[in-house]
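Peer 1: I'd like to ask you about the structure that follows.
Protein chains: 4
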Amino acid sequence: MAPKKGLLQRLDEGVVIGDGGFVFALEKRGFVKAGPWTPEATVEHPEAVRQLHREFLRCGADVMQAFTFYASDDKLSNRGNESSKKYTCRGINDAACRIAREVANEGDALVAGGLSQTPTYLSGIGKEATQAEFKKQVDVFVENKVDFLIAEYFEHLEEMEWAIESCCKSGLPVVATMCIGPEGDLHNNSAGECAVRMAKAGAHVVGLNCHFDPFVLLEAMKKMKVALDEAKLKVHMISQPLGFMTPDASKQGFIDLPEFPFALEPRICTRFDMHRYAREAYELGIRYIGGCCGFESYHIRAIAEELEKERGSLPLSSEKHETWGKGLKMHTKPWVRARASRQYWEQLKPSSGRPYCATMSKPDNWGITAGHELLKQKTQETSEVEIQTLQALKTKK
Amino acid sequence: MAPKKGLLQRLDEGVVIGDGGFVFALEKRGFVKAGPWTPEATVEHPEAVRQLHREFLRCGADVMQAFTFYASDDKLSNRGNESSKKYTCRGINDAACRIAREVANEGDALVAGGLSQTPTYLSGIGKEATQAEFKKQVDVFVENKVDFLIAEYFEHLEEMEWAIESCCKSGLPVVATMCIGPEGDLHNNSAGECAVRMAKAGAHVVGLNCHFDPFVLLEAMKKMKVALDEAKLKVHMISQPLGFMTPDASKQGFIDLPEFPFALEPRICTRFDMHRYAREAYELGIRYIGGCCGFESYHIRAIAEELEKERGSLPLSSEKHETWGKGLKMHTKPWVRARASRQYWEQLKPSSGRPYCATMSKPDNWGITAGHELLKQKTQETSEVEIQTLQALKTKK
Amino acid sequence: MAPKKGLLQRLDEGVVIGDGGFVFALEKRGFVKAGPWTPEATVEHPEAVRQLHREFLRCGADVMQAFTFYASDDKLSNRGNESSKKYTCRGINDAACRIAREVANEGDALVAGGLSQTPTYLSGIGKEATQAEFKKQVDVFVENKVDFLIAEYFEHLEEMEWAIESCCKSGLPVVATMCIGPEGDLHNNSAGECAVRMAKAGAHVVGLNCHFDPFVLLEAMKKMKVALDEAKLKVHMISQPLGFMTPDASKQGFIDLPEFPFALEPRICTRFDMHRYAREAYELGIRYIGGCCGFESYHIRAIAEELEKERGSLPLSSEKHETWGKGLKMHTKPWVRARASRQYWEQLKPSSGRPYCATMSKPDNWGITAGHELLKQKTQETSEVEIQTLQALKTKK
Amino acid sequence: MAPKKGLLQRLDEGVVIGDGGFVFALEKRGFVKAGPWTPEATVEHPEAVRQLHREFLRCGADVMQAFTFYASDDKLSNRGNESSKKYTCRGINDAACRIAREVANEGDALVAGGLSQTPTYLSGIGKEATQAEFKKQVDVFVENKVDFLIAEYFEHLEEMEWAIESCCKSGLPVVATMCIGPEGDLHNNSAGECAVRMAKAGAHVVGLNCHFDPFVLLEAMKKMKVALDEAKLKVHMISQPLGFMTPDASKQGFIDLPEFPFALEPRICTRFDMHRYAREAYELGIRYIGGCCGFESYHIRAIAEELEKERGSLPLSSEKHETWGKGLKMHTKPWVRARASRQYWEQLKPSSGRPYCATMSKPDNWGITAGHELLKQKTQETSEVEIQTLQALKTKK
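Structure representation (structure tokens):
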């Protein structure tokens, strides 16, 4: 078998579809704990992780991103998380890579190793300690011969640059995405500035992931594109937004919305929202188009179906799906068969069924950032007293 | 190993938790086609079906319902569905039972075989032909030694009675649920009348599934309970509602809502909605409490967590979940840690993030029922011309 | 000049248009106090009352209802209201009649004297005392030669019957409306029962006013019509609903909604809502069609414009209004000129501009009615302590 | 009697409260025609205009702005408006001044003469012709000895400067407000630039009126304040926003919203919204605080009540109103008495009662401005054919 084409060649030649969000999907399926959000499921329930990879592969994903989110040693032992007692960073990352490779080889997908922002950085311990955390993950990725690296989910440009530096030492292609929006990073660097400095730090593909809905994220991507063009930097762009609508989010994104993380259901995007996202991202020049939290396999399939012409084929699971609701031609009820058209679904404005709820929320916004006492990370669990103090603080805001 | 306790003994002694909706969950994962909604995935992708069973088991389900929905021969060959060419009713049902048994034996769960309303009935071909379809499925269930039968998703009481009659011949316990709401069945039998006649037809457990949200469904269950009490019928009750909010649905339920089936996302229930559902169902005297379309494993877990005291234990996957958001104590951001309380999540009214959409929709309602020409079923696919005729009809309504 | 045709002849021959709500309109203009809601403005600011009558006359009202709402002695002296110290029941009612007559004679309108439910009844003092209050008002109406009487805004059928009895002694035509909805009166008499007993008590025109939006009110009117038809009672029907949308109100109507009375703005009906109301009321057989609280003159004009053909003419103020937005042909901006059509306004679903608010509210519902200690009326103002007790009660509900 | 203090002295010493919107209020009352929006009511129905002035006076307005909006000769004869045939510009303006003065002298209020943007400017006829229109109105104002002039409702800074120049010739104090928002004028001058150039053109008080809700307008006022401060210009500031919520309006404001002008009801502000507006405006340093379209007398009263301490007194009509709903202490129902508190009304989020409507709308936006063919003004009425052409255009947008 011929070796697979690499990421950068694929991006030069056409579009690469990413996968969706493992953390949220596996939380709902019962394998990940909201709060710590760590990926010990790769060791505890490999069949669940493997099955989710397979769904994304069948729905058109060209990348199997190993499930290594927040799998740094400092995060595994943070705030009472017991994962570090049972499993090592190395063990979890290693299992993740093997599962991703297994499924990737069932198709033509690439494997990516991913790393993210660290408690070490947030606690202000400095560059050396932070990069030591990154190195432990990168070492495992290199040993497992992943095809490329993704440094994702960074809120501070400074830590993002340190991560890119760590990744570049591997010699692999490096994708870098921050979890910021149109208002820029938490140290008040603009989105455009972030894009330019990520590229200058050595990332081959730069962009954004998580924290905002597809359409808010594309607003920020536009700013990045303008800045990259102005700086004459030739890098590829990537967007991996939320699968949740967040027009009301403020600078820090969906985490500050009161519904995060357990009542986001009314905000979940439809497959038709994703058609629109895919088209708008493509037209903006983005060539690595995927998703993050809330993005499920049928959302990825919608991207692949929207870009059928550009990609030259439909994904495998379109066997079980006709684009734009055409499968409803087989429905029992005639008025449901009448919905079998693109126009119907494109124009529909879906109701929430929740007339006692508002349509937008005010985000929590305490105005504190890296270095603040309340953001210092620690290993013991938060106590009842601390929670009550926080709740009292919340009431005052 | 001691034999498992049977369904009726479990219901006499306490509460039995059902599972959620396979059709909708597997459609999103890419293994079921919306429109025909048939379960050939049991043959095509048994690992996907098995994994979904396992999620429900870990989340507290006491029943593994074999994935046999709409798996009657007449449905498999309806309106251009090609499943009947590749697979037989027998093959699909047989595979479904084996997968369900495999996972049931990983815990203490029971296996149920399920059958539903038929195109044969809707086309007005009569009792004998309709029951012939039922018999083919029941025979497979008996051969596979399922623990009990579920006749579910019937819109007409008459067909429901025929199905119960067919099921009773097996000698197994029979659960019967109609997919109707507070306004009764499509032949204008009241919900109470339906309950009484299901019980008189021989069902051991009677109730409702699908078509309405948990709270609308419980309104209908109240009517059933009153009628059963008045008729002095001692049967157990079951509710398996949608995982979607449908306060605006009319008599025929969520299928008539314009968002069905591809834009129901803003209506998805939260886990906290399910806590309330479980408590209210239990207090109403319902002892078989489960879900249907839109009900995912974390919704089932919420039922199990709400009924922890009544059941004496938490489900397995609560290892990865603390009730009422308590796991957020480990979150990085202090204002998210402040959400780690029951009061917070119980009082939250989740916003939709969709300010350009309404909160309720007007259902389609063409006022036609069994016997009408447009409801006659046929084997060939609906043509483009037929769809356009239907759309013109829709515009006029 | 030929004498004006009387009410009953007009109703026999065609449609009679009522006026709108004085209390709410004059509260906003600064002449009525919310809380007591008494009409001492007839003495204090006759020009304001006169001008409002004139608006309704120009907008098509066939009836000038003297502004005598809550102008009974027991109400004028209730809970710290100082009106009774300055003015008498007789003085206020007398001034009201004279103003109404003055404006009525500027056109072809009739004058009606109105009376409403009393604190005396609510405090359980009995029939004799209650009717004594009614008599004082009726005497003034008779002296002022009003054309007919309206006994309106009764929540209890018993008091309504007493009022009709008192009114009938005058020999004038009697219109009777209760402020109830589809669920009937506060003593659990159905809407149909109320209609029948109002007619049997001697009212010539029966129906409903206030408390519910036009469409909810018409639901209740349908029940009244069915009951009147079944009882073979030949009386005319009247509807005078709110000018506020209240789909979420419960049995006691808009007063229980949390927005009452100072934040009802987002619920205000448009003129196009009133076109629909007028048409549906007319088709139901109602011939006295008017409005109550929230109904302003342009709402009355919309009724008159909708019934132009039935009435044979447009109201005076249609000089300054073309039906269905046609006047926009003269607008400066072309895209506003494009709105000059019936179809545009008939199909428009108006947004609230309030994305942080819900679309429906849960009514307060304390489940107490006539006779309950908290409903006993008294002359002194409610104290701060009493308010705090009530607020504590509210929190517990 | 001592002469009244002038506008500028009042602004130096404290706060001046403006009045509300005559055009919208009198349209609803039946005296103004939507579309042309011209004020011939001053001649046709002086008692209606007088009564509205009186309401504002009693509610706390310190200014009686003569009802001369759009009363220029070119506007009175635009697009089929017949007012110019019956009445002259001079006649209408003269009557307006006399009525305003009559009511002003019932209290301590000042009289202002107002002029607005002209069809002449929009049609591109030039400065001389435009100022000729202004002069005709200013001459009447001077003859009538008004206390100051208001040049309001200008969308183009250029025409605004011409108007200020015309007004300054009178020697009277000049107030200048544009009807723009945070995005600036229709020739892309920023809000800040507009403020600076209005002040440099000679206006003594500068700010904004109409087109946006109070809170959006204050956003634009903040930009104006920053620019004025930077330019070291010492002028007073004025804000006279809409009484409608418009968070979804785009650059041209509420006119582009699909609900304009006949379905804005769900957007009407409550009196409590106006308390917040008054406080925020005052804190921003604005000393002339009033309202425009949709602002009724009770909204003005809310401003006066919020600023009771700053003004040293309550308005006359507070006799019939206790601040923050305190009058509800006298209500019949105990749960309504429980609403008699500031906290209750301040925290209430009012529902719309319209669950089938969205909360925000997409504005029409055809992207055409002064000079465009479709904006040329003409004397004959728009024909049916022209309307259909416009509607076809609208569908395409």
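Protein chains in written order, with the working numbering: chain H, 259 to 655; chain P, 259 to 655; chain X, 259 to 655; chain E, 259 to 655. The beta carbon of each residue, even a glycine, is placed where N, CA and C say it ideally should be.
1. Does DSSP put H/Asn467 in a helix, in a strand, or in coil?
2. Rounded to the nearest angstrom, how far is the Cβ of X/Cys527 from that of X/Pro608, given a contact under 8 Å?
3. Considering just the uninterrupted stretch of the beta strand (DSSP E) at P/Phe412, what are its terminal residues?
4. Tell me, please, which residues DSSP counts as bridged to P/Phe502.
5. Measuring CB to CB, does P/Lys483 end up less than 7 Å from P/Glu441?
6. Considering only the alpha carbon of each residue, which of X/Leu310, X/Val369, X/Asn339 and X/Ala299 lies closest to X/Lys232?
7. Can a CB atom of chain P be found closer than 7 Å to the CB of E/Pro519?
8. I believe H/Val432 touches H/Gly460 by the beta-carbon criterion, under 8 Å. Please report the beta-carbon distance rounded to the nearest angstrom.
9. Chain E beta carbons: is any one of them nearer than 7 Å to that of H/Thr647?
10. Find the residues of chain H that neighbour E/Pro613, judging by a C-beta separation of less than 7 Å, and give them in chain order.
11. Return the bridge partner residues of E/His494 from the DSSP annotation.
12. Within this structure, are the beta carbons of H/Met495 and H/Gly465 separated by less than 7 Å?
13. Nearest to X/Leu380 by CA position, among X/Lys333, X/Val463 and X/Lys393, is which residue?
14. Taking the CB atoms as reference points, tell me whether E/Cys437 and E/Tyr411 lie closer together than 7 Å.
15. Given a threshold of 16 other Cβ atoms within 10 Å of its Cβ, counted over all protein chains shown, does H/Lys587 qualify as buried or as exposed?
16. Identify whether E/Ile383 lies in helix, strand or coil by the three-state DSSP scheme.
17. What is the rounded straight-line gap between the Cα of X/Ala409 and the Cα of X/Phe327?
18. Shorter than 7 Å from the beta carbon of H/Arg525 to some beta carbon of chain P?
19. With the cut-off set at 7 Å, would you say E/Gln498 and E/Gly276 are in Cβ contact?
20. Give me the DSSP bridge partner(s) of P/Leu373.
21. Using 8 Å for Cβ pairs, my map puts H/Gly611 next to P/Asp514. What's the rounded Cβ distance?
22. Please list the residues of the region 586 to 600 of chain P that have a C-beta atom closer than 9 Å to any C-beta atom in chain H, keeping them in chain order.
23. Taking 7 Å as the cut-off, decide whether the C-beta atoms of X/Gln323 and E/Gln309 are in contact.
24. Can you name the residues of chain H whose CB is closer than 8 Å to the CB of P/Gln605?
25. If we cut at 7 Å on Cβ distances, does P/Ala459 have a partner in chain E?
26. List the residues of chain X whose Cβ lies closer than 9 Å to the Cβ of P/Thr617, in chain order.
27. Out of curiosity, what's the CA-to-CA distance linking H/Arg316 and H/Met532?
28. Quick one: Cα of H/Val281 to Cα of X/Leu444, how far?
29. Identify which residue in P/Gly583, P/Ala306, P/Val400 and P/Leu522 has its Cα closest to the Cα of P/Ser619.
30. Roughly how many whole angstroms lie between the Cα atoms of H/His311 and H/Val361?
31. Please report the residue range of the beta strand (DSSP E) in which H/Met436 lies.
32. Please say whether H/Glu554 and P/Lys286 have beta carbons closer to each other than 7 Å?
33. Does DSSP put P/Leu442 in a helix, a strand or coil?
34. Please report whether the beta-carbon of X/Asn363 lies at a distance below 7 Å from any beta-carbon of chain E.
35. Buried or exposed: which applies to E/Pro571, given that a residue is buried once 16 or more other Cβ atoms fall within 10 Å of its Cβ?
36. Cβ atoms of P/Val301 and P/Ala353: under 7 Å apart, would you say?
Peer 2: According to the data block:
1. Numbered from 1 along the first sequence, position 209 holds the residue referred to as residue 467 of chain H. Strand at H/Asn467.
2. What you label residue 527 of chain X is simply residue 269 of the third sequence in a count that begins at 1. What you label residue 608 of chain X is simply residue 350 of the third sequence in a count that begins at 1. That pair is no contact at about 10 Å.
3. Working through the second sequence from its first residue, we reach residue 412 of chain P at position 154. Residues Phe406 to Phe412.
4. Position 244 of the second sequence, counted from the start, is the residue given in the question as residue 502 of chain P. Partner(s): P/Ile526.
5. Mapped onto the second sequence, residue 483 of chain P falls at position 225. Mapped onto the second sequence, residue 441 of chain P falls at position 183. Not closer than 7 Å, so no.
6. Because chain X is modelled from 259 through 655, residue 232 of chain X falls outside the range shown and cannot be assessed.
7. Position 261 of the fourth sequence holds residue 519 of chain E. No, E/Pro519 does not count as interfacial toward chain P.
8. Residue 432 of chain H sits at position 174 when you count from the first residue of the first sequence. Residue 460 of chain H sits at position 202 when you count from the first residue of the first sequence. With a Cβ gap of about 6 Å, H/Val432 and H/Gly460 count as contacting.
9. Locating residue 647 of chain H in the first sequence gives position 389, counting from the first residue. Not closer than 7 Å to any Cβ of chain E, the Cβ of H/Thr647 fails to qualify, so no.
10. Counting from one through the fourth sequence, the residue named residue 613 of chain E turns up at place 355. The answer, in chain order, is Pro613.
11. In the fourth sequence, the residue the question calls residue 494 of chain E occupies position 236. Beta-bridge pairing links E/His494 to E/Val463.
12. Here residue 495 of chain H corresponds to residue number 237 of the first sequence, with the count starting at 1. Here residue 465 of chain H corresponds to residue number 207 of the first sequence, with the count starting at 1. Yes.
13. By one-based count along the third sequence, residue 380 of chain X stands at place 122. Out of X/Lys333, X/Val463 and X/Lys393, X/Lys333 has the C-alpha closest to the C-alpha of X/Leu380.
14. As a first step, residue 437 of chain E is located in the fourth sequence; it is residue number 179 there, counting from the start. As a first step, residue 411 of chain E is located in the fourth sequence; it is residue number 153 there, counting from the start. Yes. Within cutoff.
15. Within the first sequence, residue 587 of chain H is the residue found at index 329, counting from 1. Looking at its Cβ environment, which holds 16 or more other Cβ atoms inside 10 Å, H/Lys587 is buried.
16. Your numbering for residue 383 of chain E matches position 125 in the fourth sequence. The answer is coil: DSSP assigns E/Ile383 none of H, G, I, E or B.
17. For this step, residue 409 of chain X is matched to residue 151 along the third sequence. For this step, residue 327 of chain X is matched to residue 69 along the third sequence. Their backbone Cα atoms lie some 10 Å apart in a straight line.
18. Indexing the first sequence from 1 puts residue 525 of chain H at position 267. Output row for H/Arg525: interface = yes.
19. Walking along the fourth sequence from the start, residue 498 of chain E turns up at place 240. Walking along the fourth sequence from the start, residue 276 of chain E turns up at place 18. Yes, the pair counts as a contact, with Cβ atoms nearer than the cut-off.
20. Along the second sequence, one-based indexing puts residue 373 of chain P at 115. DSSP output for P/Leu373 lists P/Ala409 as bridge partner(s).
21. Along the first sequence, read from residue 1 onward, the residue named residue 611 of chain H stands at position 353. Along the second sequence, read from residue 1 onward, the residue named residue 514 of chain P stands at position 256. No, H/Gly611 and P/Asp514 are not in contact; Cβ-Cβ is about 13 Å, not under 8 Å.
22. Leu586, Lys587, Met588, His589, Thr590, Lys591, Pro592, Trp593, Val594, Arg595, Ala596, Arg597, Ala598 and Ser599
23. Along the third sequence, read from residue 1 onward, the residue named residue 323 of chain X stands at position 65. Along the fourth sequence, read from residue 1 onward, the residue named residue 309 of chain E stands at position 51. It is not a contact, given that the beta carbons lie outside the stated cut-off.
24. Here residue 605 of chain P corresponds to residue number 347 of the second sequence, with the count starting at 1. By Cβ distance, chain H contributes nothing, its closest Cβ being about 10 Å from P/Gln605, past 8 Å.
25. Taking the first residue of the second sequence as 1, we reach residue 459 of chain P at position 201. Taking Cβ atoms only, chain E never reaches closer than 7 Å to P/Ala459, which makes this a no.
26. Locating residue 617 of chain P in the second sequence gives position 359, where the first residue counts as 1. Ala616, Thr617 and Met618, listed in chain order.
27. As a working mapping, residue 316 of chain H is identified with position 58 in the first sequence. As a working mapping, residue 532 of chain H is identified with position 274 in the first sequence. Approximately 17 Å between the Cα atoms of the pair.
28. The count along the first sequence starts at 1 and reaches residue 281 of chain H at position 23. The count along the third sequence starts at 1 and reaches residue 444 of chain X at position 186. Each residue's alpha carbon lies about 54 Å from the other.
29. As a first step, residue 619 of chain P is located in the second sequence; it is residue number 361 there, counting from the start. With distances taken between Cα atoms, P/Ser619 lies closest to P/Leu522.
30. Within the first sequence, numbered from 1, the residue matching residue 311 of chain H stands at position 53. Within the first sequence, numbered from 1, the residue matching residue 361 of chain H stands at position 103. About 7 Å.
31. Looking up residue 436 of chain H in the first sequence gives position 178. Counting along the chain, the beta strand (DSSP E) containing H/Met436 begins and ends at Val432 to Met436.
32. Walking along the second sequence from the start, residue 286 of chain P turns up at place 28. Walking along the first sequence from the start, residue 554 of chain H turns up at place 296. Taking 7 Å as the Cβ cut-off, P/Lys286 and H/Glu554 qualify as a contacting pair.
33. As a working mapping, residue 442 of chain P is identified with position 184 in the second sequence. Contrary to the premise, residue 442 of chain P reads as Gly rather than Leu in this sequence. Strand at P/Gly442.
34. Within the third sequence, the letter at position 105 stands for residue 363 of chain X. Chain E, which has no Cβ nearer than 7 Å to the Cβ of X/Asn363, makes this no.
35. Locating residue 571 of chain E in the fourth sequence gives position 313, counting from the first residue. A small fix is needed here, since residue 571 of chain E is Ser in this sequence, not Pro. Answer is exposed; the Cβ neighbour count stays below 16.
36. Locating residue 353 of chain P in the second sequence gives position 95, counting from the first residue. Locating residue 301 of chain P in the second sequence gives position 43, counting from the first residue. Yes, the Cβ-Cβ distance between P/Ala353 and P/Val301 is below 7 Å.
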